[in-house]
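S.K.: What follows is a single structure, and I will ask about it in a moment.
In our numbering, the protein residues as written are 126 to 175.
Here it is as structure tokens:
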């Protein structure tokens, strides 16, 4: 299965004690290391250009 064949995983970036920074960092790591396509869900003003 290629990355293009995978459905993206939606991640609530606003949940957790250190959100959104740690959630975004984990999503980026999953994308980079595992090739998992991710969609971050949350307040755009707090997520910035991530």
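Glycine included, each C-beta is placed from N, C-alpha and C at the ideal position.
Is the CB-CB distance between residue 146 and residue 166 below 9 Å?
M.R.: No; because the gap between Cβ atoms is not below 9 Å, this pair is not in contact.
S.K.: For the region 129-155, which segments carrying the beta strand (DSSP E) assignment without a break, of at least 3 residues, lie completely within its bounds, in sequence order?
M.R.: For the region 129-155, whole beta strand (DSSP E) runs of length 3 or above, ordered along the chain, are 134-137.
S.K.: Could you tell me which residues DSSP pairs with residue 164 in its beta bridges?
M.R.: BP columns for residue 164 point to 135.
S.K.: Are residue 160 and residue 148 close, meaning C-beta to C-beta below 9 Å?
M.R.: Taking 9 Å as the Cβ cut-off, residue 160 and residue 148 do not qualify as a contacting pair.
S.K.: Give me the residue from 130, 136, 157 and 154 with the minimum Cα distance to residue 168.
M.R.: With distances taken between Cα atoms, residue 168 lies closest to 136.
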